[in-house]
Ligand code: HEM
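Printed below as a string of C-alpha cells:
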C-alpha cells in the first residue's frame with residue numbers, strides 16, 4: 034500500500050491453491066518474511082501475501098466471519114453479479130481466463146519483489162520449497178516494474194496516486210490528500226466515519242491478535258490495518274493498438290504519419306508517452322517538468338478540446354470536472370480513488386510505436402488497493418471507464434480498457450472514440466479492443482496482527 038517497491042523491480046506473483054494443504058502451517062513458516070508498512074525502501078527482497086474469500090475459509094474462517102467482509106469480496110470476482118458490474122463478458126468472460134475462475138480458483142497471492150533476477154530466483158527456490166512442504170499448489174507469474182516506467186503500449190504509468198493521510202510519506206505536488214480510511218480499513222473515511230471492519234472469532238493462544246471488537250470480547254477486528262486488493266491480468270495487444278493509430282493517421286492524410294499516430298494514441302490516454310498531460314500540452318510531447326500530476330480539467334479544458342472527455346485518465350479520474358464547483362467536483366471524484374501498483378508481464382515488443390506482432394503474450398498485472406471495492410474499484414470500472422454516457426458522450430467506452438460493445442442482438446459492434454474539436458468533433462469509428470482480461474480475483478491484504486491471527490492459535 035505504502036510503497037511501489039521501486040528498488041525491487043523484479044518480481045514474481047505466486048497464485049496459490051490450498052485444497053488439501055496446510056495453509057496455516059505454511060503461513061506460520063513465512064510470516065517473519067512478510068514486509069510490513071513500517072519498513073522503508075532499500076535492503077533485501079519484499080514479500081506480501083493476500084487471501085481470497087476461499088483462501089480465508091481455507092485458513093479456518095467460517096461463514097459468520099466471512100459475512101463481515103464486503104459482499105463483493107465474498108462473492109469473488111467471477112460471481113455473475115460481479116462480472117455484470119465489471120463488464121467481464123464476451124471476449125473478457127471468466128470462462129476464458131487462465132486463473133481466478135471456477136476451473137482454476139485462487140486462494141492466495143504471494144508477491145515476491147527483488148532487486149535482481151538472481152535474488153528473485155534464490156528467494157523463489159526457498160518459497161517454492163515451503164509450498165511443497167505444506168502441500169500448496171502454486172502458479173508462478175513473472176512480473177516486473179515497467180521498463181523505464183512505461184507500460185507495454187509505451188506510456189509512462191503509475192504517475193497519479195492518492196496521498197494517504199497519516200502515511201508519513203512526503204506529499205508530491207498535485208497528489209490529493211485522501212482520508213486514511215479510504216485506503217486502509219479501520220480508519221476514518223471521506224465521510225468522517227470509521228466503518229466496522231471485518232471480524233473473526235477469537236482464537237486462543239495467538240501471540241499478537243488484533244483488538245477485540247467494540248461489542249464482543251469473543252470477536253477480533255481482523256480487518257484493522259488491512260485492505261482489499263484487486264488483481265487482474267490484462268493482456269495487451271500492442272501491435273494492434275499501434276496499427277490502429279498508424280492507420281487512422283494515414284486515413285486522415287497526415288503528412289507526418291508518426292507524429293499524428295502518436296497524437297491519436299496520446300489522446301486516447303490523455304497523456305503523452307512521457308507522461309505530460311494533454312491538458313498542459315495538447316499538440317506536442319513537451320519535456321516533462323516536475324508536478325506531472327498537478328492539473329485539473331475544469332478551468333483549463335472545460336470542453337475537452339485539449340484532453341478528450343473519453344480519454345483514459347479523464348474517465349479514470351475526472352478530478353474537478355463534475356459538480357457545481359471545482360472543489361465539490363474534486364471532493365466527489367476523490368470518493369473513488371485507488372492506489373495502483375501494477376506490474377508488467379511478458380517481453381517488450383521492440384520498436385517505437387510497433388505495428389508488427391511477434392506472437393508473444395504481454396500485458397499488465399493490474400493491482401489496485403482500496404478499502405471499498407464497490408465504491409472505489411468497481412465504481413471506476415463501471416460508472417466511469419465502461420459508461421457509454423460518460424460526460425455527455427454517447428455509445429463509447431474507455432478506448433484503452435473499455436469492454437466489448439454489443440447491439441440488442443448481443444452481436445459485437447464497433448467501438449468509437451470521440452475527440453472534441455471545433456468546428457466539429459472528430460470520430461474514430463472502430464477502435465479495436467486491445468486489452469483483454471485473462472485472470473483476476475479480489476483479495477484481502479491483512480495487517481500484521483491479522484496475519485498472526487490467521488496462522489496461530491486454536492478455535
Ligand atoms: C492494460 C491496461 C491499462 C493500461 C495500459 C493503463 C495505462 C494507464 C496510463 C498510461 C495512465 C497514465 C499515467 C498515470 O497516471 O499513471 C493511467 C492512469 C490511470 N489508470 Fe490506467 N491503465 C490500464 C488499466 C486501468 C484500469 C483497469 C483501471 C481501473 C479500473 C485504471 C485506472 C487508472 C487510474 C485511476 C489512473 C490515474 C488517473 C488520474 O488520476 O489521473 N487503469 N493508466
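In the numbering used here, the protein residues as written are 34 to 492. Every residue, glycine too, gets a C-beta built ideally from N, C-alpha and C. Please read all numbers here as calculations on a predicted model, not as lab measurements.
key: Meets three-Cβ-pair contact criterion under 8 Å: the stretch 329–341 and the stretch 209–218   = no
query = Cα separation between residue 413 and residue 195?
reply = On the chain shown, residue 413 is found 380 positions in, with the first residue counted as 1. On the chain shown, residue 195 is found 162 positions in, with the first residue counted as 1. Between residue 413 and residue 195, the C-alpha separation is close to 14 Å.
key: Terminal residues of the beta strand (DSSP E) in which residue 469 lies   = Within the chain shown, the letter at position 436 stands for residue 469. Its beta strand (DSSP E) spans residues 468–478.
query = Exposed or buried, what is residue 396 when buried is set at 16 or more other beta-carbons lying within 10 Å of its beta-carbon?
reply = Taking the chain shown and counting its residues from 1, one reaches residue 396 at position 363. Burial call: buried.
query = What is the rounded straight-line gap between the Cα of residue 483 and the Cα of residue 66?
reply = Walking along the chain shown from the start, residue 483 turns up at place 450. Walking along the chain shown from the start, residue 66 turns up at place 33. Distance between the alpha carbons of residue 483 and residue 66: 15 Å.
query = Leaving out the 5 sequence neighbours to the left and right, which residues in its chain are closer than 6 Å to residue 309 when beta-carbon positions are compared?
reply = Walking along the chain shown from the start, residue 309 turns up at place 276. Once the five neighbours on either side are set aside, the close Cβ partners of residue 309 are 319, 321.
ask   = Would DSSP call residue 211 helix, strand or coil?
value = In the chain shown, residue 211 corresponds to position 178, counting from 1. If DSSP states are grouped into helix, strand and coil, residue 211 belongs with the strands.
ask   = Apart from the five residues just before and just after residue 206, which ones in its own chain have a Cβ nearer than 8 Å to its Cβ?
value = Locating residue 206 in the chain shown gives position 173, counting from the first residue. These residues qualify, in order along the chain: 323, 324, 326, 327.
query = At which residues does the beta strand (DSSP E) containing residue 175 begin and terminate?
reply = Locating residue 175 in the chain shown gives position 142, counting from the first residue. Note, residue 175: beta strand (DSSP E), 170–177.
task = Answer yes or no: do residue 199 and residue 256 have a C-beta to C-beta separation smaller than 8 Å?
result = Working through the chain shown from its first residue, we reach residue 199 at position 166. Working through the chain shown from its first residue, we reach residue 256 at position 223. The answer is no: Cβ separation not under 8 Å.
inquiry  = Quick check on the burial criterion: 16 or more other C-beta atoms within 10 angstroms. Buried or exposed for residue 115?
reply    = By one-based count along the chain shown, residue 115 stands at place 82. Buried: at least 16 other Cβ atoms inside 10 Å.
inquiry  = Does the contact criterion of 3 or more C-beta pairs under 8 Å hold for the stretch 254–271 versus the stretch 468–475?
reply    = yes
task = Could you name the residues of the same chain whose beta carbon sits closer than 7 Å to that of residue 282, not counting the 5 residues immediately before and after it, in chain order?
result = Here the question's residue 282 lines up with position 249 in the chain shown. Here the set comprises 290, 293, 294, 297.
Start and end residues, alpha helix (DSSP H) containing residue 344 = Translated into positions along the chain shown, residue 344 becomes position 311. Membership of residue 344 in any alpha helix (DSSP H) is not indicated, and neither H nor E is assigned to it by DSSP.
ask   = Is the closest heavy atom of the ligand HEM to the C-beta of residue 304 under 7 Å?
value = Stepping through the chain shown from its first residue, residue 304 is reached at position 271. Correct: residue 304 has its Cβ closer than 7 Å to the ligand HEM.
ask   = CB-CB under 6 Å to residue 494, same chain, minus the five flanking residues each way: which ones, in chain order?
value = The structure shown does not extend to residue 494, since the chain spans only 34 to 492, so no value can be given for it.
ask   = Can the beta-carbon of residue 120 be found less than 8 Å from the beta-carbon of residue 350?
value = Taking the first residue of the chain shown as 1, we reach residue 120 at position 87. Taking the first residue of the chain shown as 1, we reach residue 350 at position 317. It is not a contact, given that the beta carbons lie outside the stated cut-off.
task = Kindly indicate the opening and closing residues of the beta strand (DSSP E) around residue 44.
result = By one-based count along the chain shown, residue 44 stands at place 11. Segment 43–50, the beta strand (DSSP E) holding residue 44.
inquiry  = Among the candidates 456, 226, 245, 387, whose CA atom is the shortest distance from the CA of residue 235?
reply    = Mapped onto the chain shown, residue 235 falls at position 202. Of 456, 226, 245, 387, the residue nearest in Cα terms is 245.
Residue 118 classed as buried or exposed, judged by whether at least 16 other C-beta atoms fall within 10 angstroms = Locating residue 118 in the chain shown gives position 85, where the first residue counts as 1. Burial call: buried.
request  = Could you tell me which of 224, 47, 97, 85 sits nearest to residue 174, measuring between CA atoms?
outcome  = Residue mapping note: residue 174 aligns to position 141 of the chain shown, counting from 1. The residue among 224, 47, 97, 85 with its C-alpha nearest the C-alpha of residue 174 is 47.
inquiry  = Is the separation between the beta-carbon of residue 123 and that of residue 264 shorter than 8 Å?
reply    = Residue numbering aside, residue 123 sits at position 90 when the chain shown is read from its first letter. Residue numbering aside, residue 264 sits at position 231 when the chain shown is read from its first letter. Taking 8 Å as the Cβ cut-off, residue 123 and residue 264 do not qualify as a contacting pair.
query = What are the residues that DSSP puts in a beta bridge with residue 233?
reply = Here residue 233 refers to the residue found at position 200 of the chain shown. Note: residue 233 sits in a beta bridge opposite 253.
request  = Report yes if the CB atom of residue 146 is closer than 8 Å to the CB atom of residue 100, and no otherwise.
outcome  = Residue 146 sits at position 113 when you count from the first residue of the chain shown. Residue 100 sits at position 67 when you count from the first residue of the chain shown. Taking 8 Å as the Cβ cut-off, residue 146 and residue 100 do not qualify as a contacting pair.
inquiry  = Can you tell me whether residue 184 sits near the ligand HEM, meaning its C-beta is under 7 Å from at least one heavy atom of the ligand?
reply    = Here residue 184 refers to the residue found at position 151 of the chain shown. Yes, the Cβ of residue 184 comes within 7 Å of a heavy atom of the ligand HEM.
query = What separation, rounded to the nearest whole angstrom, lies between the Cα atoms of residue 20 and residue 374?
reply = The question about residue 20 has no answer here: the residues shown for the chain are numbered 34 through 492.
query = On the three-state DSSP scale, how would you describe residue 260?
reply = Mapped onto the chain shown, residue 260 falls at position 227. Residue 260 falls in the strand class under three-state DSSP.
inquiry  = My output table needs one value for residue 132: the three-state DSSP class, helix, strand or coil.
reply    = In the chain shown, counting from the first residue as 1, residue 132 sits at position 99. DSSP places residue 132 in strand when its eight states are reduced to three.
message = Helix, strand or coil for residue 228? Go by DSSP, reduced to three states.
response = Working through the chain shown from its first residue, we reach residue 228 at position 195. Looking at residue 228 - three-state DSSP - the assignment turns out to be coil, as it is neither helix nor strand.
Any non-hydrogen atom of the ligand HEM within 7 Å of residue 189 CB = If you number the chain shown from 1, residue 189 lands on position 156. Residue 189: yes, Cβ under 7 Å from the ligand HEM.
request  = Would you give the residue range spanned by the beta strand (DSSP E) that residue 368 belongs to?
outcome  = What you label residue 368 is simply residue 335 of the chain shown in a count that begins at 1. Taken as a continuous stretch (DSSP letters only), residue 368 belongs to no beta strand (DSSP E), as it is neither H nor E.
request  = May I ask you to list the residues that DSSP assigns as paired with residue 13?
outcome  = No statement about residue 13 is possible, as the shown extent of the chain runs from 34 to 492 and does not include it.
request  = Tell me whether residue 410 counts as near the ligand HEM, meaning its Cβ is closer than 7 Å to at least one heavy atom of that ligand.
outcome  = As a working mapping, residue 410 is identified with position 377 in the chain shown. Within the cutoff, so yes.
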